[in-house]
Amino acid sequence: DTEVTQTPKHLVMGMTNKKSLKCEQHMGHRAMYWYKQKAKKPPELMFVYSYEKLSINESVPSRFSPECPNSSLLNLHLHALQPEDSALYLCASSQEARQALNEKLFFGSGTQLSVL
Amino acid sequence: AQSVTQLGSHVSVSEGALVLLRCNYSSSVPPYLFWYVQYPNQGLQLLLKYTSAATLVKGINGFEAEFKKSETSFHLTKPSAHMSDAAEYFCAVSTYNQGGKLIFGQGTELSVKP
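Listed in order, the protein sequences are those of chains Z and B. So the first sequence is numbered by the working numbering: it starts at 15 and just counts up by one. So the second sequence is numbered by the working numbering: it starts at 34 and just counts up by one.
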């Protein structure tokens, strides 16, 4: 199994809602990532988890709250989002998050989020 | 700080023609370089990577790229374009001391005309 599975594929939420995005991989990877991608733009790193511990937070607003319950699962909890947070949210994994990322990232297909 | 610049936000070629997507990097330390492809409504998929071994790197789907330190370039080529190559292509760089951060270029959209 070389897949990263993300659910849901599409999500529409109001600014007062609370929702969660889920990501799962069964490749034994110990590093997992959340990226945000706006239309026609490159992915922007949000968070990196290494061995289930948060290792990088790219100054993401607190309305985004990541969680790594175990080595196979990664969640992104959303609360009080703004319309400008509408984007494709991509999860990725790699064998490890070394000092230099010299290995392949496996990406999921993403969750297309719309905030009304 | 490390960065990549992709020359041309949109490239159009005819089916069977050479594909050339340009990427230049900036880094004060030896870089690791990658090309990823993104098809519509999908995540990114690794095409190839340079990690300081051979300077000519072969990837999937007939793509290859050559690392040229003197030109700080890592251009992506394919001898003969297929319709299925139409997608968004991202060049990316990572370096030691960045702790797992991958810096992406702005992307190049490749169109293939029949």
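Glycine included, each C-beta is placed from N, C-alpha and C at the ideal position.
Among the options, the one whose alpha carbon lies nearest that of residue i
| i | options | result |
| --- | --- | --- |
| TYR72/B | GLU97/B, TYR122/B, VAL145/B, LYS82/B | TYR122/B |
| LEU90/Z | GLU98/Z, ARG44/Z, LYS33/Z | LYS33/Z |
| SER45/B | GLN75/B, ASP118/B, THR128/B | ASP118/B |
| PHE144/B | LEU53/B, ILE93/B, TYR129/B, ALA86/B | Note that residue 144/B corresponds to Ser in the displayed sequence, not to Phe. Nearest option by C-alpha distance: LEU53/B. |
| TYR47/B | HIS115/B, GLY95/B, PRO64/B | According to the sequence shown, residue 47/B is Ser rather than Tyr. Cα-wise, what sits closest to SER47/B is HIS115/B. |
| GLU142/B | TYR129/B, SER36/B, ALA34/B, HIS43/B | HIS43/B |
| GLU66/Z | HIS43/Z, LEU102/Z, THR125/Z | HIS43/Z |
| GLU98/Z | VAL129/Z, PHE121/Z, VAL74/Z, TYR47/Z | VAL129/Z |
| SER60/B | THR105/B, SER113/B, PRO147/B, GLY49/B | THR105/B |
| GLU97/B | LEU51/B, ALA34/B, SER36/B, PRO147/B | LEU51/B |
| LYS101/B | SER127/B, ALA120/B, LEU89/B | LEU89/B |
| ILE93/B | PRO147/B, LYS111/B, GLY49/B, ALA87/B | LYS111/B |
| PHE107/B | GLY95/B, ASN57/B, ALA34/B | ASN57/B |
Distance CB(residue i)-CB(residue j) smaller than 8 Å
| i | j | result |
| --- | --- | --- |
| GLY138/B | ALA125/B | yes |
| LEU77/B | TRP68/B | no |
| MET51/Z | LEU35/Z | Correcting the residue identity first, residue 51/Z is Gln in this sequence and not Met. No, these two residues do not count as a Cβ contact at 8 Å. |
| LEU135/B | LEU119/Z | yes |
| VAL18/Z | SER107/Z | yes |
| ARG55/B | LEU40/B | yes |
| MET29/Z | LEU92/Z | no |
| ALA45/Z | GLU110/Z | yes |
| ASN116/Z | THR84/B | yes |
| VAL123/Z | GLN75/B | The amino acid at residue 123/Z is misidentified as Val; the sequence shows Ser. Yes. Within cutoff. |
| PRO57/Z | LEU104/Z | yes |
| PHE61/Z | PRO80/Z | yes |
| TYR129/B | VAL70/B | no |
| ALA101/Z | LEU59/Z | no |
| SER103/B | GLY49/B | no |
| TYR49/Z | LEU88/Z | no |
Neighbour list for residue i in chain B, Cβ cutoff strictly below 8 Å
| i | result |
| --- | --- |
| SER123/Z | ASN74, GLN75, GLY76 |
| LEU104/Z | GLY76, LEU77 |
| LEU59/Z | LYS134, LEU135 |
Cross-chain neighbours of residue i in chain B, by beta carbon under 9 Å
| i | result |
| --- | --- |
| LYS118/Z | PHE67, LEU79, LYS82 |
Beta-bridge pairing of residue i - partner residues as DSSP gives them
| i | result |
| --- | --- |
| LEU80/B | DSSP lists no partner for LEU80/B. |
| VAL46/B | VAL145/B |
| VAL126/B | LEU66/B, ILE136/B |
| LEU95/Z | DSSP output for LEU95/Z lists no bridge partner at all. |
| ILE70/Z | VAL62/Z |
| HIS108/B | GLU99/B |
| SER108/Z | ALA45/Z |
| CYS82/Z | Its beta-bridge partners do not exist; DSSP assigns none. |
| LEU54/B | LEU109/B |
| ALA120/B | LEU143/B |
Contacts that residue i makes with chain B (C-beta to C-beta distance below 7 Å)
| i | result |
| --- | --- |
| PRO56/Z | PHE123, PHE137, GLY138, GLN139, GLY140 |
| LEU127/Z | Near LEU127/Z there are no residues of chain B at all, since even the closest Cβ is about 14 Å away, more than 7 Å. |
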